[in-house]
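First the structure, in the form of structure tokens, and then the observations on it.
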Amino acid sequence: MDDNRLSQQLQKTGDLMDLLNDSDWLQETAAAEAACSGDVEAGVGTRSYVKQIQRTPPDALKQQRRQVTVLSILLPVLHDYLSDWGLGLSFESVYAEAQRVIYQRLAQMTPGQPGWINNLLAEGDQYLPIEERPSQAQIEATLLEMLTPADWQVLATVAAKDMAAGILRRANVDEATPIAS
Amino acid sequence: MTQAHVVQVKTIWQGILAAAEQPDEGWDWDYKRRLAASDPRFEAYALEIDKLAQGVVLLETQWHRSQVDEQFSAGQAMRFSTGEASPSRLVYIDYLASAPWNRKRIEDPPYFVGVGRALLIFARKRSMALGYSGRVGLHSLPGAEAFYHRQNMPDYGADPDKEGLVYFEYGTLQQ
Numbered sequence: 001m002d003d004n005r006l007s008q009q010l011q012k013t014g015d016l017m018d019l020l021n022d023s024d025w026l027q028e029t030a031a032a033e034a035a036c037s038g039d040v041e042a043g044v045g046t047r048s049y050v051k052q053i054q055r056t057p058p059d060a061l062k063q064q065r066r067q068v069t070v071l072s073i074l075l076p077v078l079h080d081y082l083s084d085w086g087l088g089l090s091f092e093s094v095y096a097e098a099q100r101v102i103y104q105r106l107a108q109m110t111p112g113q114p115g116w117i118n119n120l121l122a123e124g125d126q127y128l129p130i131e132e133r134p135s136q137a138q139i140e141a142t143l144l145e146m147l148t149p150a151d152w153q154v155l156a157t158v159a160a161k162d163m164a165a166g167i168l169r170r171a172n173v174d175e176a177t178p179i180a181s
Numbered sequence: 001m002t003q004a005h006v007v008q009v010k011t012i013w014q015g016i017l018a019a020a021e022q023p024d025e026g027w028d029w030d031y032k033r034r035l036a037a038s039d040p041r042f043e044a045y046a047l048e049i050d051k052l053a054q055g056v057v058l059l060e061t062q063w064h065r066s067q068v069d070e071q072f073s074a075g076q077a078m079r080f081s082t083g084e085a086s087p088s089r090l091v092y093i094d095y096l097a098s099a100p101w102n103r104k105r106i107e108d109p110p111y112f113v114g115v116g117r118a119l120l121i122f123a124r125k126r127s128m129a130l131g132y133s134g135r136v137g138l139h140s141l142p143g144a145e146a147f148y149h150r151q152n153m154p155d156y157g158a159d160p161d162k163e164g165l166v167y168f169e170y171g172t173l174q175q
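Listed below in structure tokens is the structure:
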């Protein structure tokens, strides 16, 4: 990273992060990371994480790329779907729990779901127009199918608990103290 | 960094390693997020693309001082001796990590490139915003030293106080 380049960027737009929109800078970044394997970890506390990665067979990790690609398609839809619920204070907790559940369900798919996911990925790989992606149009419905009645109950409980905790925090009331007897 | 990002690190990042039957060694980002929420000296951020956390960073913004005496000799910054400290504050990168799938050894090309660099630039941005003139320090893991060298981040050698990890520090950024 060249400090002169950063200084120029500051003078140009006032925000260093605008470099992420610069194609030359991105190419330079790709070349730099290609030369360094992509390991960027800093801090003593990341040692255990890096050790874990190093001990994991590369083939096992490569198999997970598909899962990451699927999640990158499903999670934005899940986020938008839950955003429409008007959950307010408890949105973050509900979304966090919902994505945890979806991750689990992807490991225990029902018979029709693997085929649907194959089609979803194929549509993405072919860069088809959105109107020619039938599997894409089914994401929301399939996400809802993945969640069991017990999962919905968990999400409802998380929403209620987090809403209550949020209100008590804002009112500066100890959560262990009953509001009324 | 949000609760959803912490869940992603715990379930998706760690889940991928667990699927390969690697033990979870207690890499606790939930603790780091709580630390950042409760202690104003710490700030936790995630770089998110397609709603997936691609990288995370924990910054310490009050305690750390520059370990480099920029006045020692014109153009030749030198590290202070043990026990000395510059009055200049900096943003210290306590933790910086990219998701498992963003490295060439695992994915070629990686799922995303530039995550580490973007987080590093963000740290410098925070340093500017806090009035620290772009000064940023970190201790690199051995496998990442080449990356920081490629970023022209000055290398001040192994630090015995940090398990021998090499200390890197960016100095003042001219405006």
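In the order they appear, the protein sequences are chains A and B.
If you use this note's numbering, the first sequence corresponds to residues 1 to 181, in order.
If you use this note's numbering, the second sequence corresponds to residues 1 to 175, in order.
By construction, the Cβ of each residue, glycine as well, lies at the ideal position given by its N, Cα and C atoms.
For clarity, every value in this text was computed on a predicted model and none was experimentally measured.
- Task: Could you spell out where the beta strand (DSSP E) holding residue 139 of chain B opens and where it closes?
- Result: Residue mapping note: residue 139 of chain B aligns to position 139 of the second sequence, counting from 1. Counting along the chain, residue 139 of chain B sits inside the beta strand (DSSP E) bounded by residues 136 to 140.
- Assign residue 140 of chain A to buried or exposed, taking buried as 16 or more other Cβ atoms, counted over all protein chains shown, within 10 Å of its Cβ. Counting from one through the first sequence, the residue named residue 140 of chain A turns up at place 140. Counting of Cβ neighbours within 10 angstroms places residue 140 of chain A among the exposed residues, the total staying below 16.
- Query: How is residue 68 of chain A classed by DSSP in three states: helix, strand or coil?
  - Reply: On the first sequence, position 68 is the one that residue 68 of chain A refers to. Assigned with DSSP and collapsed to three states, residue 68 of chain A falls in helix.
- Message: Can you tell me where the beta strand (DSSP E) holding residue 56 of chain B begins and where it ends?
- Response: Within the second sequence, numbered from 1, the residue matching residue 56 of chain B stands at position 56. DSSP places residue 56 of chain B in the uninterrupted beta strand (DSSP E) bounded by 52 to 60.
- Message: Taking only three categories from DSSP, how would you classify residue 42 of chain B?
- Response: The sequence position of residue 42 of chain B within the second sequence is 42, counting from 1. It is a strand residue.
- Please state if the CB of residue 102 of chain B and the CB of residue 38 of chain A are separated by a distance shorter than 7 angstroms. Residue numbering aside, residue 38 of chain A sits at position 38 when the first sequence is read from its first letter. Residue numbering aside, residue 102 of chain B sits at position 102 when the second sequence is read from its first letter. For the 7 angstroms CB-CB criterion, residue 38 of chain A and residue 102 of chain B form a contact.
- Taking a cut of 8 angstroms between CB atoms, which residues from the region 12 to 31 of chain A lie near chain B? Of all residues in the region 12 to 31 of chain A, the ones placed with a Cβ closer than 8 angstroms to any Cβ belonging to chain B are 15, 16, 17, 19, 20, 26, 29 and 30, in chain order.
- Message: Under 7 angstroms, Cβ to Cβ, is there at least one residue of chain B near residue 88 of chain A?
- Response: Translated into positions along the first sequence, residue 88 of chain A becomes position 88. Not one chain B Cβ lies under 7 angstroms of residue 88 of chain A.
- Query: Excluding sequence positions up to five away, which residues of its chain have a Cβ less than 6 angstroms from the Cβ of residue 92 of chain B?
  - Reply: Here residue 92 of chain B refers to the residue found at position 92 of the second sequence. 60, 64 and 137.
- Residue closest to residue 150 of chain B, alpha-carbon to alpha-carbon, out of A/30, A/171 and A/142: Position 150 of the second sequence, counted from the start, is the residue given in the question as residue 150 of chain B. Here the closest residue by C-alpha is A/30.
- Since residue 94 of chain B contacts residue 58 of chain B with CB under 8 angstroms, what's their CB separation in whole angstroms? In the second sequence, the residue the question calls residue 94 of chain B occupies position 94. In the second sequence, the residue the question calls residue 58 of chain B occupies position 58. Between residue 94 of chain B and residue 58 of chain B, the beta carbon gap of about 4 angstroms places them in contact (Cβ cut-off 8 angstroms).
- Item | Contacting positions in the region 101 to 127 of chain B - beta carbon closer than 9 angstroms to chain A | Answer in chain order: 101, 102, 103, 104, 105, 106, 107, 108, 109, 110, 111, 113, 114, 115, 116, 117, 118, 119, 120, 121, 122, 124 and 125.
- Query: Which residue comes first and which comes last in the beta strand (DSSP E) that contains residue 169 of chain B?
  - Reply: Within the second sequence, numbered from 1, the residue matching residue 169 of chain B stands at position 169. Its beta strand (DSSP E) spans residues 166 to 170.
- Item | Cα-Cα separation, residue 36 of chain B to residue 96 of chain B | Indexing the second sequence from 1 puts residue 36 of chain B at position 36. Indexing the second sequence from 1 puts residue 96 of chain B at position 96. Looking at the two C-alpha atoms, the distance is approximately 14 angstroms.
- With residue 96 of chain B as the anchor, note down where its beta strand (DSSP E) starts and where it stops. Within the second sequence, numbered from 1, the residue matching residue 96 of chain B stands at position 96. Judged by DSSP secondary structure, residue 96 of chain B falls within the beta strand (DSSP E) whose first and last residues are 91 to 98.
- Query: Given that residue 62 of chain A touches chain B, what residues does it touch there, using C-beta distances under 8 angstroms?
  - Reply: As a first step, residue 62 of chain A must be located in the first sequence, where it is residue number 62. Here the neighbours are 106 and 107.
- Validate contact between the region 140 to 154 of chain A and the region 94 to 108 of chain A using beta carbons, cut 8 angstroms, 3 pairs: Yes, since at least three Cβ pairs between the region 140 to 154 of chain A and the region 94 to 108 of chain A fall closer than 8 angstroms, the two stretches touch.
- Run of the alpha helix (DSSP H) containing residue 59 of chain A, from where it starts to where it stops: What you label residue 59 of chain A is simply residue 59 of the first sequence in a count that begins at 1. It spans 58 to 62 - the alpha helix (DSSP H) in which residue 59 of chain A sits, taken as one unbroken run.
- Task: Could you tell me whether any Cβ in chain A is nearer than 7 angstroms to the Cβ of residue 140 of chain B?
- Result: Residue 140 of chain B sits at position 140 when you count from the first residue of the second sequence. Interface residue, yes.
- Item | Contact with chain A by residue 61 of chain B, beta-carbon distance below 7 angstroms | Taking the first residue of the second sequence as 1, we reach residue 61 of chain B at position 61. Against chain A, the CB of residue 61 of chain B has no partner CB under 7 angstroms away; the residue lies outside that interface.
- Task: Output the boundary residues of the alpha helix (DSSP H) element that contains residue 124 of chain A.
- Result: Taking the first sequence and counting its residues from 1, one reaches residue 124 of chain A at position 124. Here the alpha helix (DSSP H) through residue 124 of chain A covers 113 to 125.
- Query: At least one CB of chain B closer than 7 angstroms to the CB of residue 52 of chain A: is that the case?
  - Reply: Walking along the first sequence from the start, residue 52 of chain A turns up at place 52. Yes - at least one Cβ of chain B is within 7 angstroms of the one on residue 52 of chain A.
- Which of helix, strand or coil DSSP assigns to residue 19 of chain A: One-based indexing of the first sequence puts residue 19 of chain A at position 19. Helix.
- residue 158 of chain B - partner residues in DSSP beta bridges: Position 158 of the second sequence, counted from the first residue, corresponds to residue 158 of chain B. Answer is B/166, bridged to residue 158 of chain B.
- Interface residues of chain B facing residue 10 of chain A [CB-CB closer than 7 angstroms]: Numbered from its first residue, the first sequence carries residue 10 of chain A at position 10. Correct list: 175.
- Item | Sequence-distant residues of the same chain with beta carbon closer than 7 angstroms to residue 119 of chain B, five excluded per side | In the second sequence, the residue the question calls residue 119 of chain B occupies position 119. Residues 47, 55, 57 and 96 of the same chain have their beta carbon placed closer than 7 angstroms to that of residue 119 of chain B, with the five preceding and five following residues left out of the count.
- Partner residues on chain B for residue 70 of chain A, Cβ-Cβ distance less than 9 angstroms: The sequence position of residue 70 of chain A within the first sequence is 70, counting from 1. Near residue 70 of chain A there are no residues of chain B at all, since even the closest Cβ is about 11 angstroms away, more than 9 angstroms.
- Query: Relative to the C-alpha of residue 97 of chain A, which residue among A/155, A/4 and A/26 is closest?
  - Reply: As a working note, residue 97 of chain A is residue 97 in the first sequence. The closest CA to that of residue 97 of chain A, considering only A/155, A/4 and A/26, is found on A/155.
- Query: Do residue 116 of chain B and residue 140 of chain B have their CB atoms nearer than 7 angstroms?
  - Reply: Residue numbering aside, residue 116 of chain B sits at position 116 when the second sequence is read from its first letter. Residue numbering aside, residue 140 of chain B sits at position 140 when the second sequence is read from its first letter. At a Cβ-Cβ threshold of 7 angstroms, residue 116 of chain B and residue 140 of chain B do not count as neighbours.
- For residue 42 of chain A, decide whether its Cβ has a neighbour in chain B, counting only Cβ atoms nearer than 7 angstroms. The residue you call residue 42 of chain A lines up with position 42 of the first sequence. Residue 42 of chain A belongs to the set of residues whose beta carbon lies under 7 angstroms from a beta carbon in chain B.
- Measuring alpha carbon to alpha carbon, tell me which of A/150, A/59 and A/87 ends up nearest residue 108 of chain B. One-based indexing of the second sequence puts residue 108 of chain B at position 108. Closest in alpha carbon position to residue 108 of chain B, among A/150, A/59 and A/87, is A/59.
- Status (buried if at least 16 other CB within 10 Å, exposed otherwise) for residue 134 of chain B: For this step, residue 134 of chain B is matched to residue 134 along the second sequence. Buried, by the Cβ-count rule.
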